[in-house]
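Engineer:
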Amino acid sequence: MSTVAAEDSLTLNLLGPLEAHRDGEPVDLGGAKPRTVLAALLLARGRVVPDTELTALLWGESPPVTCSAQIHTYASRVRRLLGPAVTVERRRPGYLLRLPDHGVGVDLLEFRRHAARGAGALTGGAPGTAARVLRRALGVWRGTALGGVCDPLADLERDRLEEERLTTLEQRLSADLELGRHAEVVAELIALVAAHPLREGLRGRLMTALYRSGRQADALAAYRAARATLAEELGLEPCAELQRLHQAMLTGSPSLLPRATARATAAADRAGPAVPAELPPAPSDFTGREQEVARLAGALTGDRTGPAVHTVTGMPGVGKTALALVSAHRVADHYPDGQIHLDLRGSGPDPLHPADALGALLRLLGVPPGPAPGTLDERVRAYRTRIAGRRLLLVLDDAADERQIRPLLPATEGCATLVTSRAGLYALDGPGRTPLGPLPAADARAFFDKLAGSARTSAEPGATAGIVQACAGLPLALRIAGGRAAARPHWPLARLADRLAEPGRVLDELTLADLSLADRLWSGYRGLDPHSRRALRFHSALGPHPLLPHVAAAALATAPGRAEELLAGLAEAHWCEAVRWRGGYGYRLHPLVRLFARARLAEEEGTVPLPLPVHHSAPPAVPGGAVRHTG
2 MSTVAAEDSL
12 TLNLLGPLEA
22 HRDGEPVDLG
32 GAKPRTVLAA
42 LLLARGRVVP
52 DTELTALLWG
62 ESPPVTCSAQ
72 IHTYASRVRR
82 LLGPAVTVER
92 RRPGYLLRLP
102 DHGVGVDLLE
112 FRRHAARGAG
122 ALTGGAPGTA
132 ARVLRRALGV
142 WRGTALGGVC
152 DPLADLERDR
162 LEEERLTTLE
172 QRLSADLELG
182 RHAEVVAELI
192 ALVAAHPLRE
202 GLRGRLMTAL
212 YRSGRQADAL
222 AAYRAARATL
232 AEELGLEPCA
242 ELQRLHQAML
252 TGSPSLLPRA
262 TARATAAADR
272 AGPAVPAELP
282 PAPSDFTGRE
292 QEVARLAGAL
302 TGDRTGPAVH
312 TVTGMPGVGK
322 TALALVSAHR
332 VADHYPDGQI
342 HLDLRGSGPD
352 PLHPADALGA
362 LLRLLGVPPG
372 PAPGTLDERV
382 RAYRTRIAGR
392 RLLLVLDDAA
402 DERQIRPLLP
412 ATEGCATLVT
422 SRAGLYALDG
432 PGRTPLGPLP
442 AADARAFFDK
452 LAGSARTSAE
462 PGATAGIVQA
472 CAGLPLALRI
482 AGGRAAARPH
492 WPLARLADRL
502 AEPGRVLDEL
512 TLADLSLADR
522 LWSGYRGLDP
532 HSRRALRFHS
542 ALGPHPLLPH
552 VAAAALATAP
562 GRAEELLAGL
572 AEAHWCEAVR
582 WRGGYGYRLH
592 PLVRLFARAR
602 LAEEEGTVPL
612 PLPVHHSAPP
622 AVPGGAVRHT
632 G
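Under my numbering, think of the first position of the sequence shown as 2, with each following residue one higher.
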């Protein structure tokens, strides 16, 4: 709807269905022909429109004998409907429409006024103003221009008006890219490229947005898609600008940075060492988790009174690091003094000591080589002094526990910390929390499609469903399975599905190069205390249903309260989850964790208790016998 000021007594709208409003009330313009006369006179912008031109616009190549009289009738109707504010006069050889300087608003004129101002702001290096004004220009449009006019006029003018709209839209996207909103515009650009596949300006902006979002592979794929489309449709190579953009991405040219970022980088180079930019690339095939990414981005950039701290926790292989990196890249521009990533090695046998972590952070923050301050307390004080007044983003990956994290947390309001951990980290003071579970079925299937290739998965839907089900929504398992499928394109997917359908082979199959689900589970398992490991092992023997505490107590030969403490501890460490079951709470293992724990049970216990009935409301007796586990 047009945004002409309320005091305008008459508004004329072309950018959508042709409409007129007087004092906010619609004016009945009649049928298509008087609307066409009005539109033609408005589009002429003060030029006399000859009768011959109006005839062609109204009737095409088959005008009636009475066309001149009918044109006069339509012009008179327009004059009468619009009132004295608008002059429609006979000026041979046609008609002329004059608008007063005030009191009449035309949405096309408003659009062009804002578009020109926004384009000037963009050229003048004011992308914030440009984005705001160009959005206002585009907001004037209500749909396809010239709705309700005769086809000859629509065919003549509609494409030209649409070109103006698309040019303004491309300028608005450029302004957004200059403001660092690259991640926010990717989805919009993908839809626009699909709707306008031959428009190279949109293709180039999509490539830029993907590249700046850390998705270099996707950006290069977008260029290949553009080249293939142009060759197929037009027999042409991409334009020189698109080719230059492609080459810049291959070489990592600084020209791909937003102008403001490039200027800041150049200034920093002149002043001294660059600010830390330590974030590893985010996975280009990241799938799903839109709500989690949006929530993290909002938490890390929203208004607050102190430093932001947010934790991402979950079981091994659930995608904590991937989510953290995608979110960190999305908000990196909000932290101009640096972005730091530090692997704390918390799930391994040798976690990074807080003093060593602080030493690494001090080096990244510009402390010259040489002995760092000696004690942990001295390093904490030096670290806090170094970051005072700065806007830093800190990603602390794979934290062991709260003791490891606390000395590393900034005290400066402008800083933010994103922590990933298999532990719950519930003893930290007031962080935001994102507990991460397996991917929903649709996202798991979409992720596997990306990895294995949609052509293959579409050709074998049954096998694909079996593989995805076997991976049970765990991103690491899906990545390994998808990588194995991609590495062996000559194998049918059914072959991998059959292997994963055998419980005894699943963990052996989920290994690829340096990725191993079993190794990830092993590293976490070693970090559990002996009583928790035993509880996990016996939990795996009692079936796939949620386990009630009194049933676990019978299996472990311990008191129900102690059994519930062990199960709750496993849930806090994300080895199982607490779910409502049989009128209370039970504890359920992830299917792949259950397979791992059963293997540990067979190896470390040698026997498996007979399955216990999980439906008893009272604690059952401990079963008298055991059977030897055969795998």
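Just so you know, even glycine gets a beta-carbon here, dropped at the ideal spot from N, CA and C.
Would you call the region 532-542 and the region 565-576 touching, i.e. three or more CB-CB distances under 8 Å?
Structural biologist: yes
Engineer: Kindly indicate which three-state DSSP category PRO128 falls into: helix, strand or coil?
Structural biologist: helix
Engineer: Going by beta carbon distance, what residues of the same chain come within less than 6 Å of VAL319, once the five residues before and after it are set aside?
Structural biologist: Cβ-Cβ distances below 6 Å link VAL319 to LEU437 in the same chain, with the five nearest sequence neighbours on each side left out; the list follows chain order.
Engineer: Looking at the structure shown, is TRP60 part of a helix, part of a strand, or coil, going by DSSP?
Structural biologist: DSSP places TRP60 in helix when its eight states are reduced to three.
Engineer: Quick check on DSSP: helix, strand or coil for SER328?
Structural biologist: helix
Engineer: Short of 6 Å in beta carbon distance, which residues of its chain neighbour ALA598, apart from the five on each side in sequence? Order them along the chain.
Structural biologist: Excluding positions up to five away in sequence, the list reads LEU537, ARG538, SER541.
Engineer: I'd like to know if the region 165-184 and the region 115-135 are in contact, where contact means that at least 3 CB-CB pairs between them fall below 8 Å.
Structural biologist: yes
Engineer: What residues are listed by DSSP as bridge partners for ILE341?
Structural biologist: LEU395
Engineer: Note the first and the last residue of the continuous alpha helix (DSSP H) segment covering TYR384.
Structural biologist: 377-388
Engineer: SER69 by DSSP, collapsed to three states: which one?
Structural biologist: Judged by DSSP in its simplified three-state form, SER69 adopts helix.
Engineer: Taking DSSP as the reference, what is the three-state secondary structure of LEU13?
Structural biologist: strand
Engineer: Whose C-beta lies closer than 6 Å to the C-beta of ARG80 among residues of the same chain, with five residues either side of it excluded?
Structural biologist: VAL89
Engineer: Please report the distance separating the alpha-carbon of PHE449 from that of ALA33.
Structural biologist: Approximately 53 Å, taken between the alpha carbons.
Engineer: In the DSSP assignment, what residue or residues form a beta bridge with HIS22?
Structural biologist: THR12, PRO27
Engineer: For THR88, does the three-state DSSP call read helix, strand or coil?
Structural biologist: In the structure shown, the three-state DSSP call for THR88 is strand.
Engineer: Please list the terminal residues of the continuous alpha helix (DSSP H) segment that includes ARG216.
Structural biologist: Premise fails: ARG216 is in no alpha helix (DSSP H) and is neither H nor E.
Engineer: If you follow the beta strand (DSSP E) that TYR586 is part of, which residue opens it and which one closes it?
Structural biologist: For TYR586, the uninterrupted beta strand (DSSP E) run begins and ends at 585-590, by DSSP.
Engineer: Return the residue from the list ALA603, LEU11, HIS551 that minimises the CA-CA distance to TRP582.
Structural biologist: HIS551
Engineer: Judging by CA-CA distance, which residue of ALA401, GLY584, ALA41 is the nearest neighbour of ASP156?
Structural biologist: ALA41
Engineer: Report buried or exposed for GLU111, applying the criterion of at least 16 other Cβ atoms within 10 angstroms of its Cβ.
Structural biologist: buried
Engineer: Check whether the Cβ atoms of ASP402 and ALA424 lie closer than 8 Å to each other.
Structural biologist: Against a cut-off of 8 Å, the Cβ pair of ALA424 and ASP402 comes out as a contact.
Engineer: For the beta strand (DSSP E) containing THR312, name the first residue and the last one.
Structural biologist: 309-314
Engineer: In chain order, what residues of the same chain lie with their CB nearer than 7 Å to the CB of LEU138, ignoring the 5 residues before and after it?
Structural biologist: Residue 138 is actually Ala in this sequence, not Leu. Excluding positions up to five away in sequence, the list reads PHE112, HIS115, ALA116, GLY119, THR169.
Engineer: Considering only DSSP beta bridges, list what GLU233 is partnered with.
Structural biologist: Listed as beta-bridge partners of GLU233 by DSSP are no residues whatsoever.
Engineer: Since CYS151 contacts LEU58 with CB under 8 Å, what's their CB separation in whole angstroms?
Structural biologist: 6 Å
Engineer: Counting only the same chain and skipping the five closest in sequence on each side, list residues whose C-beta sits under 7 Å from that of GLY215.
Structural biologist: PRO282, ALA283, HIS330
Engineer: In chain order, what residues of the same chain lie with their CB nearer than 6 Å to the CB of ARG601, ignoring the 5 residues before and after it?
Structural biologist: ARG538
Engineer: Whose C-alpha, out of GLU62, ALA560, LEU593, is nearest the C-alpha of ALA519?
Structural biologist: LEU593
Engineer: Assign ALA556 to one of two classes, buried (16 or more other C-beta atoms within 10 Å of its C-beta) or exposed (fewer than that).
Structural biologist: buried
Engineer: Expressed to the nearest angstrom, what Euclidean distance is found between the alpha-carbon atoms of LEU508 and SER533?
Structural biologist: Their backbone Cα atoms lie some 22 Å apart in a straight line.
Engineer: If you draw a straight line from the alpha carbon of LEU82 to that of ALA176, how long is it in whole angstroms?
Structural biologist: Each residue's Cα considered, the two are about 41 Å apart.
Engineer: Report the residue from ARG364, ASP515, ARG595, ARG527 whose alpha carbon sits nearest the alpha carbon of LEU548.
Structural biologist: The shortest C-alpha separation from LEU548 is found at ARG595.
Engineer: Is TYR301 near VAL327, with beta carbons less than 8 Å apart?
Structural biologist: Going by the sequence as given, residue 301 is Leu instead of Tyr. Not a contact, by the Cβ cut-off of 8 Å.
Engineer: Compute the minimum distance between the beta carbon of GLY528 and the heavy atoms of the ligand SAH, and state whether it is under 7 Å.
Structural biologist: In terms of ligand content, the structure shown is empty, and the ligand SAH therefore cannot be addressed.
Engineer: Give the secondary structure of CYS240 by DSSP, where H, G and I count as helix, E and B as strand, and everything else as coil.
Structural biologist: Coil at CYS240, not helix or strand.
Engineer: Do you know offhand how far LEU221's Cα is from LEU324's?
Structural biologist: For LEU221 and LEU324, the distance between alpha carbons rounds to 23 Å.
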